[in-house]
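K.L.:
Following this message is one structure expressed as structure tokens.
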Amino acid sequence: MRAENTVRDRNPQSTAQIAGHPLHPMLIPFPVAFLVSTLVCDLLFWNTGNSAWSTASLYLLGAALVMAALAAVAGLTDFLGDRRIRSLSAAWHHMVGNMVVVLLSLWNWYRRYEAGDSAVLPTGLVISLVVVLLLLYTGWRGWEMVYRHRVAVSDQGT
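Numbered by full-length UniProt numbering, the letters in the sequence shown go through residues 1 to 158 in order.
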């Protein structure tokens with residue numbers, strides 16, 4: 001019979017979960033998809049001049065911000081819930097980078113809300129591009145937490 005793993009030997013656990021399934025990884029695809037789609041709509045607006053693409057990007061940014069807030073609550077709950085997660089530099093880079101993404105996106109959304117189509121080119125497009133590049137980095141750091149440091153990976157079967 002195998003001895004139970006000590007807390008120290010166990011993987012860092014997700015605090016925000018339902019039936020053992022971590023919430024943060026379930027939520028993050030939504031803001032990521034919405035923010036990448038914002039960039040695509042900005043590029044289409046730049047190419048066509050059709051304001052429907054500008055309007056779509058405004059709504060996508062709004063949806064991204066709502067879903068990012070939900071993902072952030074779950075992610076912050078996990079971050080604060082396990083000291084071992086807070087000790088990872090990848091967790092700090094992931095969190096701070098995503099905070100920058102949200103702040104840039106909030107500013108981008110507000111500018112578009114106030115100024116309409118004129119806020120898209122060139123500033124809105126550049127912000128959307130920077131946000132997507134930052135998401136590539138923060139996603140890589142999130143991947144590192146799961147696959148290298150085994151954050152929120154089940155200990156069952158080990």
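Beta carbons are placed, not taken as given, at the ideal position from N, Cα and C, and that holds for glycine.
What does the Cβ neighbour count give for T138, buried or exposed, with the cut at 16 atoms within 10 Å?
P.N.:
Its Cβ being crowded by 16 or more others within 10 Å, T138 is buried.
K.L.:
I'd like the ranges of any beta strand (DSSP E) spanning at least 3 consecutive residues and lying wholly in the region 115-144.
P.N.:
Runs of the beta strand (DSSP E) inside the region 115-144: none found.
K.L.:
Look at L125 and W46 and say whether their C-beta atoms are less than 8 angstroms apart.
P.N.:
Yes, the pair counts as a contact, with Cβ atoms nearer than the cut-off.
K.L.:
For a quick check, are the C-beta atoms of R112 and V120 less than 8 angstroms apart?
P.N.:
Cβ atoms of R112 and V120: closer than 8 angstroms.
K.L.:
Give the DSSP-derived three-state secondary structure of H21 in the structure shown.
P.N.:
Looking at H21 - three-state DSSP - the assignment turns out to be strand.
K.L.:
Do A71 and L27 have their beta-carbon atoms positioned less than 8 angstroms apart in this structure?
P.N.:
Result yes, Cβ atoms of L27 and A71 sit closer than 8 angstroms.
K.L.:
With distance defined between alpha-carbon atoms, name the residue in T48, R141, H21 and S105 nearest to V36.
P.N.:
Out of T48, R141, H21 and S105, S105 has the C-alpha closest to the C-alpha of V36.
K.L.:
Is the region 51-65 close to the region 18-27, with three or more CB pairs under 8 angstroms?
P.N.:
No, the region 51-65 does not touch the region 18-27.
K.L.:
Quick one: what's got a C-beta closer than 6 angstroms to G20's C-beta in the same chain, skipping five residues either side?
P.N.:
So the list is empty, once near-sequence residues are dropped.
K.L.:
Return the chain-ordered list of same chain residues with a C-beta closer than 7 angstroms to the C-beta of F34, the five sequence neighbours on each side being excluded.
P.N.:
Excluding positions up to five away in sequence, the list reads L60, A63, A64 and M67.
K.L.:
May I ask which residues mark the beginning and end of the alpha helix (DSSP H) holding V32?
P.N.:
It spans P29 to T48 - the alpha helix (DSSP H) in which V32 sits, taken as one unbroken run.
K.L.:
Please list the terminal residues of the continuous alpha helix (DSSP H) segment that includes A16.
P.N.:
Careful: A16 lies outside any alpha helix (DSSP H) and carries neither H nor E.
K.L.:
Can you tell me which of the three DSSP states V96 falls into?
P.N.:
V96 falls in the helix class under three-state DSSP.
K.L.:
Flag this pair as yes or no: are the beta carbons of T38 and T77 separated by less than 8 angstroms?
P.N.:
No, they are not a contact pair.
K.L.:
Could you tell me the distance, in whole angstroms, from the CA atom of Q17 to the CA atom of L134?
P.N.:
If I take the Cα positions, the gap works out to 26 angstroms.
K.L.:
In angstroms, rounded to a whole number, what distance separates the CA positions of G97 and N50?
P.N.:
C-alpha separation (whole angstroms): 32 angstroms.
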